[in-house]
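Going down the list, the protein sequences come from chains A and B. Heads up, my numbering is the position in the first sequence plus 367, with the first residue counted as 1. Heads up, my numbering is the position in the second sequence plus 331, with the first residue counted as 1. Cβ coordinates follow ideal geometry from the N, Cα and C atoms, glycine included. Below is one structure; the comments refer to it alone.
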Amino acid sequence: MNRVARFLDSDLFWSFRTSPMAVASALVALVCILGAVLAPWLAPHNVLDLASVDLMDAFKPPFTEAGWTLGSDDQGRDVLSAIMFGGRTSLLVGICAVLFSTVVGVTLGLTAGYLGGTVDALLMRMADVQLTFPAFLVALLVDGIARAALPQEVHERIALGVVVFAIGISTWPQIARTVRGSTLVERNKEYVLAARVIGLTNLRIMATHVLPNVLGPVLVIATLNLGLAIITEATLSFLGVGVPPTQPSLGTLIRIGNDFLMSGEWWIAIFPGLALVAMVLSVNLLGDWLRDALNPRLR
Amino acid sequence: MIAAKELARHFDVSKPWLQRTLAREPKRILRAVDGVTFDIPKGTTLSLVGESGCGKSTVARLVVGLYPPTAGQVLFEGKDLAAARAQPEMRRRMQMIFQDPYASLNPRWRVHDIVAEPIRAFNLVPDPAAQRERVAELLRQVGLSPLDGGKYPHEFSGGQRQRISVARALSSNPEFLVCDEPTSALDVSVQAQILNLMKQLQRDLGLTFLFISHNLAVVRQVSDRIGVMYLGRIVELAQSENLFLRPRHPYTRALMEAIPDLEMTGRSRTPVGGEVPSPISPPSGCAFHPRCPLANDRCRAEAPAMLDGVACHAVQEGRD
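Listed below in structure tokens is the structure:
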């Protein structure tokens with residue numbers, strides 16, 4: 368059996384197939400991701416190209432004109448296209464932030480759990496301190512420091528990176544704690560002792576033996592964190608401290624639309640908001656399903 | 332081949348420093364192994380038997396270097412173990428087989444990779460094709476099919492898994508094998524198969540074994556010599572048959588009494604009274620004195636030394 372056939376035959380895939388919720392959220396997530404990734408080719412208008420934006424097109428209501436399905440905003444940008452490009456930024460920031468926090472969390476958690484002793488105590492106290500600050504506060508703080516410390520043009524160039532770092536750094540302790548817990552269980556199992564008897568280095572044992580056996584729960588947390596990271600980024604951008612205006616995300620679009628919400632042009636804020644809800648909800652539901660599917664006690 | 336000299340391993344099981352200081356408690360030291368001496372000549376099997384918690388598994392782990400000793404030393408081929416284990420060539424010559432066949436194989440690795448791990452670690456067979464051939468040979472040697480190499484551990488039964496462990500341990504061509512209760516997780520018929528396999532491998536490959544068990548029947552089948560452990564010390568060390576025919580230490584006799592015997596059904600037994608004392612605060616003098624029928628004042632005050640294979644004042648004074 369090749370890998371694909373084995374996957375289609377696995378318990379995990381069976382559990383996926385028989386859960387309508389999982390299939391539905393996977394479809395929605397897939398649509399969101401494809402729409403975002405393929406925005407430059409699928410979107411009816413290129414909203415990032417300032418030359419193609421015409422103020423005469425401003426405030427078109429939705430569902431009235433072909434090519435402007437979801438209407439246009441105050442600058443004459445197509446809302447649907449803006450959502451697709453915005454989703455691209457949101458998704459990019461979310462995925463990078465989750466990758467960053469997962470890599471940091473897994474590395475530190477694995478090291479703390481496997482080495483134990485002083486290293487463990489030190490790393491876990493760091494995680495405790497980090498956890499006492501709300502994630503959002505940390506993100507605001509990092510962003511504020513980067514803004515104050517870096518010259519404007521430098522900051523604008525690395526603004527996306529700053530947001531990724533700010534969101535990622537605030538969620539690593541959760542992953543580190545989970546990984547540390549699993550590592551504490553695995554490191555005393557006899558297959559690890561057997562590897563130590565033949566004198567393998569700690570690094571090699573951690574990478575080849577312990578790591579593959581502690582990644583299950585990480586996958587679930589990372590999926591759930593993706594939704595959280597997208598929301599955090601949208602909140603930061605809504606407040607105007609997240610991504611730069613040259614790369615609007617869904618949060619930026621909602622902020623712009625917010626100004627017109629009470630004056631009748633509701634579509635500018637509502638549609639990006641709905642897109643955000645669809646994206647985050649589907650990712651979260653997928654994460655929930657994955658958590659249950661990987662939990663042997665719920666089988 | 333391998334020798335232990337006054338080997339000891341203590342574990343610090345105190346509460347955290349702050350709690351301990353606030354409660355004005357002393358440190359709590361668990362004396363898992365407290366002065367154990369033995370040697371195992373090449374090609375023979377020494378077994379250590381004893382109740383749970385007597386320190387036999389700790390001895391096994393000390394002997395392969397998983398724990399550093401608190402006191403005393405382990406000599407491998409006359410060299411200190413830590414110095415010997417610094418050289419891959421010496422490390423290659425010692426291997427360990429574990430108790431739980433469900434925990435001793437990495438569940439995410441294929442059997443081929445599990446068995447080949449020591450070969451790769453010591454770079455014994457660099458060519459991949461030759462490596463596959465070597466793993467196939469090892470699997471055949473322990474009574475499995477070479478085709479089993481492509482499967483995962485969960486596809487095997489407990490006995491088969493233990494065979495995989497044996498194949499893995501043999502893959503680095505070791506001369507000294509430590510077996511930490513290799514059969515206690517298996518059912519009786521499978522136990523016999525694994526024991527026969529190990530005896531056969533010893534004959535074929537000239538292996539030296541340190542065998543840890545709490546099962547006297549198993550020990551009798553495999554051992555040349557047997558050490559009886561009680562609370563971190565060896566109380567009696569004798570040739571296998573002698574120990575079963577003429578047990579000398581009162582504790583050994585009590586253990587022999589406890590073996591079920593077909594010919595003696597219905598006979599009255601004299602159970603050993605009391606519990607195993609805590610290795611955190613062992614009794615004064617001879618550790619066995621609270622449970623010993625022969626104990627006197629000297630036993631309560633003075634720890635007996637190992638003389639002529641037995642550590643007991645009563646035996647040495649002829650009071651038995």
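Burial is judged here by how many other beta carbons sit within 10 angstroms of a residue's own beta carbon; proline 505 of chain B has at least 16 and is buried. Ranked by Cα distance from aspartate 421 of chain A, the first of A:Gly402, A:Trp408, A:Asp441 and A:Pro407 is A:Asp441. Beta-bridge annotation (DSSP): glutamate 382 of chain B is not paired with any residue. Against chain B, the beta carbon of alanine 372 of chain A has no neighbour under 7 Å; the closest one sits roughly 15 Å away.
For the segment 409-438 of chain B, the residues whose beta carbon sits under 8 Å from a beta carbon of chain A are, in order, Arg416, Pro419, Arg422, Arg423, Met425, Gln426, Met427, Phe429, Gln430, Asp431, Ala434, Ser435, Leu436, Asn437 and Pro438. Put simply, the backbone Cα of proline 399 of chain B is about 13 Å away from that of leucine 406 of chain B.
The C-beta of valine 466 of chain B comes no closer than 9 Å to any C-beta of chain A. Collapsing the DSSP output to three states places aspartate 441 of chain A in coil. Under the DSSP assignment, histidine 522 of chain A falls in the alpha helix (DSSP H) whose first and last residues are 519-536. Residues of chain A with a Cβ closer than 7 Å to the Cβ of serine 488 of chain B do not exist; the shortest Cβ-Cβ separation is about 17 Å. Interface annotation, arginine 563 of chain A: in contact with chain B, CB-CB separation under 9 Å. For leucine 475 of chain A, the closest C-alpha among the options A:Ala543, A:Val531, A:Arg492 and A:His522 is that of A:Ala543. Listed in chain order, the alpha helix (DSSP H) elements of length 4 or more contained wholly in the segment 618-655 of chain A amount to none. Within the DSSP bridge table, the entry for isoleucine 590 of chain B names no partner. By the criterion of a C-beta distance shorter than 6 Å, proline 513 of chain B is surrounded in its chain by Ile428, once the five residues flanking it on both sides are discounted. Taking 8 Å as the upper bound on Cβ-Cβ separation, chain B lies near residues Lys556, Glu557, Tyr558, Leu560, Ala561, Ala562, Arg563, Val564, Ile565, Gly566 and Leu567 of the segment 533-567 of chain A.
For isoleucine 462 of chain A, no beta strand (DSSP E) run applies; the uninterrupted alpha helix (DSSP H) run containing it begins and ends at 446-482, by DSSP.
Within chain B, the residues Asn437 have their CB atoms less than 7 Å from the CB of histidine 576 of chain A, given in chain order. Under the 9 Å criterion on CB atoms, glutamate 448 of chain B is classed as interfacial with respect to chain A.
With a beta-carbon spacing of about 5 Å, glycine 453 of chain A and leucine 620 of chain A fall inside the 8 Å limit used to define contacts. Beta-carbon to beta-carbon, histidine 644 of chain B and arginine 629 of chain B are separated by about 5 Å, close enough to satisfy the 8 Å threshold. For isoleucine 400 of chain A, the CB contacts under 7 Å within the same chain, skipping 5 residues up- and downstream, are Leu458 in chain order.
Tyrosine 561 of chain B has B:Arg564 as its beta-bridge partners, per DSSP. Check the Cα spacing between arginine 340 of chain B and each of B:Ala363, B:Pro347 and B:Gln350: the tightest is with B:Ala363. Within the DSSP secondary-structure output, leucine 377 of chain B pairs in a beta bridge with B:Leu541 and B:Arg556. With fewer than 16 other CB atoms across the displayed protein chains lying within 10 angstroms of its CB, asparagine 369 of chain A is exposed.
Cβ atoms of leucine 567 of chain A and alanine 452 of chain B come within 8 Å of each other, at about 6 Å. Per DSSP, reduced to three states, the secondary structure at isoleucine 333 of chain B is strand. For threonine 376 of chain B, same chain residues with a beta-carbon under 6 Å away, outside a window of 5 residues either side, are Phe540, Phe542, Val553, Ser554 and Asp555 in chain order. Taking aspartate 445 of chain A as reference, the option from A:Gly624, A:Val610 and A:Val529 with the minimal CA-CA separation is A:Gly624. Here leucine 361 of chain B is near isoleucine 611 of chain B, since their CB atoms are less than 9 Å apart. Per the coordinates, the alpha-carbon of lysine 410 of chain B lies some 16 Å from the alpha-carbon of alanine 402 of chain B. Taking all protein chains shown into account, glutamate 432 of chain A has fewer than 16 neighbouring C-beta atoms within 10 Å of its C-beta and is therefore exposed.
Classified as exposed, glutamate 468 of chain B has fewer than 16 neighbouring CB atoms from the shown chains inside 10 Å of its CB. As summarised for the segment 380-446 of chain B, the continuous beta strand (DSSP E) elements at least 3 residues long and confined to that stretch are 402-407 and 425-428, given in chain order. The alpha carbon of histidine 443 of chain B has as its nearest neighbour, out of B:Asn546, B:Gln430 and B:Lys482, the alpha carbon of B:Lys482.
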